[in-house]
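Student: In this note's numbering, the protein residues as written are 1 to 227. Where a beta carbon is used, it is the ideal one built from N, C-alpha and C, also for glycine. Here the structure is a predicted model, which means the values were calculated and not measured.
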Amino acid sequence: MRDPAKKIPLYLFTDSTVPDDLRGWVAEGVRDFSRYVPGLTLVRKETEFWNNDIGKVFEDGVRRSRTEDGKLLAKEMLTALDEGSKGWKGMGQGAGAAGAVIYITMKDLTVPKMTVCFGLTRVKARVSVNSMSRFANMKDMRSAALCVRRTVVHELGHMFGAPAPNRVIAAVEDFGKHCTDPDCVMCQTPNLDRLLEAAQREYRNDELFCSRCRRDIRRFLRDRGYR
Ligand SMILES: [Zn+2]
Ligand SMILES: [Zn+2]
Numbered sequence: 001m002r003d004p005a006k007k008i009p010l011y012l013f014t015d016s017t018v019p020d021d022l023r024g025w026v027a028e029g030v031r032d033f034s035r036y037v038p039g040l041t042l043v044r045k046e047t048e049f050w051n052n053d054i055g056k057v058f059e060d061g062v063r064r065s066r067t068e069d070g071k072l073l074a075k076e077m078l079t080a081l082d083e084g085s086k087g088w089k090g091m092g093q094g095a096g097a098a099g100a101v102i103y104i105t106m107k108d109l110t111v112p113k114m115t116v117c118f119g120l121t122r123v124k125a126r127v128s129v130n131s132m133s134r135f136a137n138m139k140d141m142r143s144a145a146l147c148v149r150r151t152v153v154h155e156l157g158h159m160f161g162a163p164a165p166n167r168v169i170a171a172v173e174d175f176g177k178h179c180t181d182p183d184c185v186m187c188q189t190p191n192l193d194r195l196l197e198a199a200q201r202e203y204r205n206d207e208l209f210c211s212r213c214r215r216d217i218r219r220f221l222r223d224r225g226y227r
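1. For D181, which residues of its own chain have a beta-carbon under 8 Å away from its beta-carbon, when the five flanking residues on both sides are left out?
2. According to DSSP, simplified to helix, strand and coil, what is M91?
3. Any heavy atom of ligand 2 closer than 7 Å to the beta-carbon of D32?
4. Just list the residues that DSSP pairs P9 with in beta bridges.
5. Could one say the Cβ of V153 lies closer than 8 Å to chain B's Cβ atoms, at least one of them?
6. Do you know how far the Cα of R23 is from the Cα of V111?
7. For E155, I'd like the list of residues in its chain whose CB is within less than 7 Å of its CB, leaving aside the five on either flank, ordered along the chain.
8. At what residues does the beta strand (DSSP E) containing Y103 begin and finish?
9. Taking the straight line between their C-alpha atoms, what separation do you get for E197 and K86?
10. Taking 7 Å as the cut-off, is the C-beta of M186 nearer than that to any heavy atom in ligand 2?
11. Tell me where the beta strand (DSSP E) around K177 begins and ends.
12. I want to check one thing, is the minimum distance from the CB of P38 to the heavy atoms of ligand 2 below 7 Å?
13. Do you know offhand how far S143's Cα is from P19's?
14. Expressed to the nearest angstrom, what Euclidean distance is found between the alpha-carbon atoms of K107 and V172?
15. Tell whether a beta-carbon distance below 8 Å holds between Y203 and G39.
16. Could you check which residue in I104, A199, D206 has the C-alpha nearest to that of S16?
17. Quick one: what does DSSP say M138 is sitting in, helix, strand or coil?
18. For G176, verify whether its CB is less than 7 Å away from any heavy atom of ligand 1.
19. Apart from the five residues on each side of it in sequence, which residues of its chain come closer than 6 Å, Cβ to Cβ, to T189?
20. In the region 124 to 174, which residue ranges form an unbroken alpha helix (DSSP H) of at least 4 residues, counting only runs that do not cross its ends?
21. Could you tell me whether the Cβ atoms of F175 and M132 are closer together than 8 Å?
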């Protein structure tokens, strides 16, 4: 049986570029995801990155990640998040720690060979960087909100074991392991139109993850002593 006292800390950092309505949609995405990970506890809800003691740990890394045209190098950023959070990601959790870090910005992310990057996650380190810049100018607020929520749920899914790294059925290696079920939030979307289509479909279905990915998440939690 799952120990209800055992919480999984999710450290959410939103930098000062992120507007308020968008912060709310990010929080909704975290709530959507916590249906699948009941112990998930938002530790740093909507903290200001630059005004936060823990955030300062990342400051150098963030500076290293900046490009001349004002973008962030996603991989550099993940290294900064990983190095900065090592000491407290599993704070108070012992060996079974599953704490995760997610960083939200309005700056564009760049990844070599990738044309559009909404988010990038280092699965084993459980750190993720997400850009909401492409959603800021969408005509319809509801569409923008759905895209933000879908992006957050997708990257959290990566950090919590979906699809499992060793899964071969209904999974593909394409900038990380992705699910091939078109109705699953872990399905890769190469551009904004496809992302919106997927988000609309998933939220209409009400079930965000396919049964295989749900099983992968349950196994991830069980392996760390959460169930
Ligand atoms: Zn992905
Ligand atoms: Zn799936």
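Tutor: The structure says:
1. As a first step, residue 181 must be located in the sequence shown, where it is residue number 181. Result list for D181: A170, C187, C210, R212, C213, in chain order.
2. On the sequence shown, residue 91 is found 91 positions in, with the first residue counted as 1. The pLDDT assigned to M91 is 49, lower than 50, so where the model puts this residue is not dependable; a value taken from the coordinates is nonetheless given after this. Three-state result, M91: coil.
3. By one-based count along the sequence shown, residue 32 stands at place 32. Exclusion of D32 from the 7 Å shell around ligand 2 follows from its C-beta lying no nearer than that to any non-hydrogen atom of the ligand.
4. If you number the sequence shown from 1, residue 9 lands on position 9. Note: P9 sits in a beta bridge opposite T41.
5. Protein chain content of the structure displayed is limited to a single chain, and chain B is not contained in it.
6. Residue 111 sits at position 111 when you count from the first residue of the sequence shown. Residue 23 sits at position 23 when you count from the first residue of the sequence shown. Going by the C-alpha atoms only, they are around 24 Å apart.
7. Counting from 1 along the sequence shown, the entry for residue 155 is found at position 155. Excluding residues within five positions, the ones whose Cβ falls inside 7 Å are I102, G119, T121, S128, N130.
8. Position 103 of the sequence shown, counting from 1, holds the residue named residue 103. Taken as a continuous stretch (DSSP letters only), the beta strand (DSSP E) holding Y103 covers 100 to 105.
9. On the sequence shown, position 197 is the one that residue 197 refers to. On the sequence shown, position 86 is the one that residue 86 refers to. Rounded to whole angstroms, E197 to K86 spans 36 Å at the Cα level.
10. On the sequence shown, position 186 is the one that residue 186 refers to. Yes, Cβ of M186 sits closer than 7 Å to a heavy atom of ligand 2.
11. Counted from its first residue, the sequence shown places residue 177 at position 177. Note, K177: beta strand (DSSP E), 177 to 179.
12. Locating residue 38 in the sequence shown gives position 38, counting from the first residue. Checking the Cβ of P38 against ligand 2 gives no.
13. In the sequence shown, the residue the question calls residue 143 occupies position 143. In the sequence shown, the residue the question calls residue 19 occupies position 19. The straight-line gap from Cα to Cα measures roughly 16 Å.
14. Position 107 of the sequence shown, counted from the start, is the residue given in the question as residue 107. Position 172 of the sequence shown, counted from the start, is the residue given in the question as residue 172. Approximately 28 Å, taken between the alpha carbons.
15. Locating residue 203 in the sequence shown gives position 203, where the first residue counts as 1. Locating residue 39 in the sequence shown gives position 39, where the first residue counts as 1. For Y203 and G39, no; Cβs fall outside 8 Å.
16. Reading the sequence shown from its first residue, position 16 is the one you call residue 16. Taking only the C-alpha atoms, the option nearest S16 is I104.
17. Sequence index remark: in the sequence shown, residue 138 carries index 138 (1-based). In this structure, M138 counts as coil in the three-state DSSP scheme.
18. Here the question's residue 176 lines up with position 176 in the sequence shown. Yes, since a heavy atom of ligand 1 falls inside the 7 Å radius drawn around the Cβ of G176.
19. Walking along the sequence shown from the start, residue 189 turns up at place 189. Here the set comprises L195, A198.
20. 141 to 159
21. Reading the sequence shown from its first residue, position 175 is the one you call residue 175. Reading the sequence shown from its first residue, position 132 is the one you call residue 132. Not in contact: F175 and M132 (Cβ atoms no closer than 8 Å).
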